[in-house]
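Protein chains in written order, with our numbering: chain X, 55 to 194; chain S, 4 to 817.
Glycine residues also receive a C-beta, built at the ideal position from the N, C-alpha and C atoms.
Right, one structure below, let's go through it.
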Amino acid sequence: MSEWKPICLVTDIPVLGSRRVARAQGPNVAIFRNSEDKVFALLDRCPHKGGPLSQGIVFGDAVACPLHNWTIGLADGCARGADEGCTQPFQLKVDQGMVHLDAEELATLAINVALPKAGPGASTGAVGDRTFEVQAPHTP
Amino acid sequence: MKKMKLVMVGNGMAGVRTLEELLKIAPDLYDITVFGAEPHPNYNRILLSPVLAGEQTLDEIVLNPMSWYEDHGIKLHLGKKVVDVNRSKRIVISEDGTEEAYDRLLIATGSNPFIPPLPGKDLDGVIAYRDIQDTNTMIDAAAKYKHAVVVGGGLLGLEAANGLMLRGMQVSVVHIAPWLMERQLDDVAGKLLQRSLESRGLKFLMNAQTQALIGDQDEGKAGRVMAVQFKDGTEVPADLVVMAAGIRPNTALAEKIGLLCARGIVVNDTLQTVTDPRIYSVGECAAHRGIAYGLVAPLFEQGKVCATHLAEFGIGRYIGSQTSTKLKVTGIDLFSAGDFMGGEGCEEIVMSDPYGGVYKKLVIRDDKLIGACMFGDTVDGSWYFKLLREGRKITDIRDKLMFGESNIGDTGHEGHSKAAAMADSDEVCGCNGVTKGTICKAIKEKGLFTLEEVRKHTKASGSCGSCTGLVEQLLMFTAGGDYSAAPKKKAMCGCTDHSHQEVRDAIKEQKLLTIDGVYQAMGWRTPNGCSSCRPAVNYYLISSWPKEAKDDPQSRYINERSHANIRKDGTYSVIPRMWGGETTADELRRIANAVDKYNIPTVKVTGGQRIDLLGVKKEDLVNVWKDIGMPSGHAYAKALRTVKTCVGSEWCRFGTQDSTQMGKDLERAMWRMYAPHKVKFAVSGCPRNCAEAGIKDVGIIGVDSGWEMYVAGNGGIKTEVAHFFVKLKTAEEVLEYTGAFCQLYREEGWYLERTVHYVNRVGLDHVKKKILDDPAGRKALWERLQFSLDGEPDPWFEFDKASVDTRQFTPLSV
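This is the structure we're talking about:
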């Protein structure tokens, strides 16, 4: 028996837009609303390079990832066109205008998926700044 | 519901591509039956030449194996030639009596080789060059016999001759015209080609009129061919004669069943035959607006359109293609397009180095490139072809035209210009890290034919596009695709057939004010567009109707929706505006405090004389903006970004003008200006030009007597030096002319087109006419820009006015 957690009203999500849902553990879940007021939930992580799908442009029943413009189907989380890969979809229920997510899915699905890293150390793998000893050329 | 029946006659590339497109969009609409006269599944006919030359095998050129037909439930009749169609009962009848009923019929019978009515044309050893069987006959003959004669020195004939020679035969090419490939090359290039092929071992008989083929029995009238006889009585020995005198659309069936044929089966823009609405036709057999195409790209274009109509979507029109030619003989580079012969009223630019084996000819009429013919160096073929298609004036680049686009400067692929010389591990596309090997593999394995398809599958040349020429060469070598045929008009995206210009015009003429309004008025195929057209339409609306059309944040890319640059880990970066690149201790202190307070990991000085705070969490953006208290730098937007300045006459001992003040004035007058793409200015105080004004959208350089204005420079993928535009006296004039130029670009530019591309498209003369020759027009442009910018909000502080949806900054929690 699944437990449905209320998240927000459908109207709290912009039309052709999305909201991010922070979980106790694991990456965010993105909830989307299309022009027909249908609502969808996916892991907020593109199967390509982990871009936050919640930040993409929503059209029809798909979203374009903001990083490299992959098109991801909102219903199944899978890439369209020539690209291949899927992100985790989440069950979702709308009851009297209120969006609900499944508590068990939120607590268990895609908890250990890694998110992309950026910043110092992200390209080399070394974390943090490195320092260099500089010797002035004129010291005896 | 019972499925409809679709029968296809012909099992070749254009027809099967149409089925593939149809199955993609309407997989369950039809029970499909295919008749093929050959006993093979669909294969890549273009690659018969490499097979003949021993460079590929027959298995490698199969496009759709038998399993493909089975997987899609297609009933396949191979080796059965269709001989009749009963149009009133809607039944297709084949040679062996097989009958199939249809609701819709697709005729894709391709073309037949043209065999001149010579005595002896039916002798053994006389063949055409069209299909796998012909190819096998040639391969067998090459193993047994010595002398081959190819009749016809066109594209196909030369490929056949080259293949037979590589298989060890002594080959003579007989050609009726004074030079080879006379329909694709001029006399100079044709003769260079001949010389190059002669050095490989081919023999040529030019201006030669064949009279008869002589057999070895019954006084030369029967048996196997042994010689070719000419009108002047001379003979050459021949154990194999390949007739390659051209192809003709195969309309035998269509004519028999009463379909209108005129140089092919006549079809309309939906590929429906004009005679019978249940019958469609695509490929080399179809005549569209009087043209039967013989190249792959236009035929696939036809297939795509035809499929949408078979699927009953009722959308899409085929409006014709322009084509160009390349020869598939490894090691020989030639290219031609358009009217390369020139003639009355035409001018020619010619570069000829007969010893080096390089020849280029460009034909120009009314200041436009109308034809090109090249031998030995064809790297710029696609560029010339583009100029030709766009029909733009070339006055301003005329002096550089001959040296090609590759001469103007490329980055990202180490200056490679010959794909054949590259190793498999060499990188072709520097943006997306795609190697030659990856591209070739994708082309082979996924059966790609067009540049668009390669971009979709590998991303190569999909970002900056500077390696497009290389990718096209790879397509050429690997698939033999005539990649360079292109639709006459480029649609904005898959949602519509309309071009950017048509959408701009409609918005202006019909006073459309909303995105939905545009989609309805122009018949969009999708309910709310896609991530490509919606931002463009949104920009066209707000730039055409300022203060009337409402900006739609959900139709903007994330950076313009959150007013910061998204980074690869989903954090953002913040670049505040520093007028003319000047800052103060107070500003720097506030920035430093924010860096500490919000744990911002990286602080970087940008190339545009500003400071970038990288790695800000989306939740912190609003507070960071507030704490810093500086205006938005719009570093995330298609808008005015930086105005780079040197220190100028205030401090510099060489400075002649106060460039810093000029830069600040320009920036204050034009910040918040959205444009088709980003816009950068620079102002230098003297000709030493320390602000690097020569590579900016607008560059201003101070001289003793005033200011020089430069436009449409670019420091990006292709470094483009700005054009000198005008010399001005006062700072007021600099503002007016700069504003007018920006407004013209805002009103006429296509979305994502930088000023350099816009000016290349419309021509510098057009811009000069609008701004320099028309003072009233210039003032009106400047006024329209000021009207647009008046009262524009700063999106970092005026959320309501800038329609910033602040809900995005706070995540929901569970």
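Proximity of X:R87 and X:I67 at Cβ, strictly below 9 angstroms
The Cβ-Cβ distance between X:R87 and X:I67 falls below 9 angstroms.
Please report how far the alpha carbon of S:N568 lies from the alpha carbon of X:C119, in whole angstroms.
Inter-residue distance for S:N568 and X:C119 is about 14 angstroms (C-alpha atoms, whole angstroms).
Looking at the C-beta of X:W58, does it have a partner C-beta in chain S at a distance below 9 angstroms?
With its beta carbon at least 9 angstroms from every one in chain S, X:W58 lies outside the interface.
Check whether the Cβ of X:P92 lies closer than 9 angstroms to any Cβ atom in chain S.
Here residue 92 of chain X turns out to be Lys, not Pro, going by the sequence shown. With 9 angstroms as the cut-off, X:K92 does not count as an interface residue toward chain S.
With three or more beta-carbon pairs closer than 8 angstroms as the criterion, would you say the region 385 to 400 of chain S touches the region 344 to 360 of chain S?
Taking one beta carbon from each stretch, the region 385 to 400 of chain S and the region 344 to 360 of chain S have fewer than 3 pairs nearer than 8 angstroms; the two do not touch.
Identify the continuous alpha helix (DSSP H) that holds S:S547 and give its terminal residues.
From DSSP, the alpha helix (DSSP H) with S:S547 extends over C536 to S547.
Inspect the beta-carbon positions of S:L108 and S:V19 and report whether they are closer than 9 angstroms.
The answer is no: Cβ separation not under 9 angstroms.
Give me the Cα-Cα distance between S:F72 and X:A129, rounded to the nearest whole angstrom.
Per the sequence presented here, residue 72 of chain S reads as Tyr, with Phe not at that position. Roughly 30 angstroms between the two C-alpha positions.
On the criterion of 16 or more Cβ atoms from any shown chain inside 10 Å, does S:K439 qualify as buried, or is it exposed?
Under this definition S:K439 is a buried residue.
Per-residue DSSP class, three states only, for S:Q557:
Residue state, collapsed to three classes: helix.
Since S:M16 and S:L302 are thought to touch, with beta carbons under 8 angstroms apart, how far apart are those beta carbons, to the nearest angstrom?
About 7 angstroms separates the two Cβ atoms, so the contact holds.
Per DSSP, the bridge partner or partners of S:P116:
Answer is S:I250.
Within 10 angstroms of its Cβ, does S:K667 collect 16 or more other Cβ (buried), or is it exposed?
By the 10 Å Cβ count, S:K667 comes out buried.
Curious, which full-length beta strand (DSSP E) runs of at least 3 residues does the region 206 to 256 of chain S contain?
If we require 3 residues or more, the beta strand (DSSP E) runs fully inside the region 206 to 256 of chain S come out as 206 to 208, 213 to 220, 225 to 233, 238 to 240, 243 to 246 and 250 to 252.
Classify S:G484 as helix, strand or coil using the three-state DSSP reduction.
At S:G484 the pLDDT is 49, less than 50, meaning the model places this residue with poor confidence; the figure from the coordinates comes in the next sentence. In the structure shown, S:G484 sits in coil (DSSP, three-state: anything other than H, G, I, E or B).
Less than 8 angstroms between the CB atoms is what I'm expecting for S:H178 and S:A230, so what's the real figure, rounded?
Between S:H178 and S:A230 a beta carbon distance of about 18 angstroms is seen, past the 8 angstroms cut, so the two are scored as non-contacting.
Assign X:Q142 to one of three DSSP states: helix, strand, or coil.
Three-state result, X:Q142: coil.
Under a Cβ-count criterion, where at least 16 other Cβ atoms within 10 Å of its own Cβ denotes burial, should X:A133 be classed as buried or exposed?
Residue environment: X:A133 is assigned as buried (16 or more neighbouring CB atoms within 10 Å of its CB, all protein chains considered).
Opposing strand residues paired with S:S708 [DSSP bridges]
For S:S708, DSSP assigns no beta-bridge partner whatsoever.
Taking 9 angstroms as the CB-CB limit, is X:V64 close to chain S?
The C-beta of X:V64 comes no closer than 9 angstroms to any C-beta of chain S.
For S:K83, which option in S:F790, S:P44 and S:K147 has the closest C-alpha, if you only look at C-alpha atoms?
Closest by alpha carbon: S:P44.
Given this structure, state the Cα-to-Cα distance separating S:K804 from S:P798, to the nearest angstrom.
Between S:K804 and S:P798, the C-alpha separation is close to 8 angstroms.
Closer than 9 angstroms, CB to CB, is X:A133 near chain S or not?
At a cut-off of 9 angstroms, the C-beta of X:A133 has no neighbouring C-beta in chain S.
Taking Cβ to Cβ, would you say S:L183 is nearer than 9 angstroms to S:G157?
Cβ distance < 9 angstroms, so S:L183 and S:G157 count as in contact.
What is the rounded straight-line gap between the Cα of S:G651 and the Cα of S:S662?
About 5 angstroms.
Under the assumption that S:V619 contacts S:T648 (Cβ atoms under 8 angstroms), give the Cβ distance between them as a whole number of angstroms.
About 27 angstroms; that fails the 8 angstroms criterion.
What in chain S is Cβ-close to X:G114, meaning under 8 angstroms?
Per Cβ cutoff of 8 angstroms: T529, P530, N531 and C533.
Within 9 angstroms, strictly: CB atoms of S:T273 and S:R320:
Taking 9 angstroms as the Cβ cut-off, S:T273 and S:R320 qualify as a contacting pair.
Return the residues of the region 257 to 287 of chain S that lie within a Cβ-Cβ distance of less than 9 angstroms from chain A, sorted by chain order.
Among the chains of the structure shown, chain A does not appear; the protein chains present are X and S.
Sort S:T733, S:E695, S:V269 and S:R266 by Cα distance to S:E723 and report the nearest one.
Closest option to S:E723, Cα to Cα, is S:E695.
If I measure Cβ to Cβ from S:F657 and keep anything under 7 angstroms in the same chain, skipping five residues before and after, which residues do I get?
Around S:F657: C689 and R691.
Nearest chain S C-beta to X:K147 closer than 9 angstroms, yes or no?
Chain S places no beta carbon closer than 9 angstroms to that of X:K147, leaving this residue out of the contacts.
For S:H566, count the other beta carbons within 10 Å of its own beta carbon; 16 or more makes it buried, fewer makes it exposed. Which is it?
Buried: at least 16 other Cβ atoms inside 10 Å.
Under 9 angstroms, Cβ to Cβ, is there at least one residue of chain X near S:S546?
S:S546 is outside the set of residues whose beta carbon lies under 9 angstroms from a beta carbon in chain X.
Segment contact flag, the region 138 to 147 of chain S with the region 26 to 43 of chain S, C-beta cutoff 8 angstroms, min 3 pairs:
By the Cβ test, the region 138 to 147 of chain S is not in contact with the region 26 to 43 of chain S, since fewer than three Cβ pairs between them sit closer than 8 angstroms.
S:S199 - containing alpha helix (DSSP H), residue span:
It spans D190 to R203 - the alpha helix (DSSP H) in which S:S199 sits, taken as one unbroken run.
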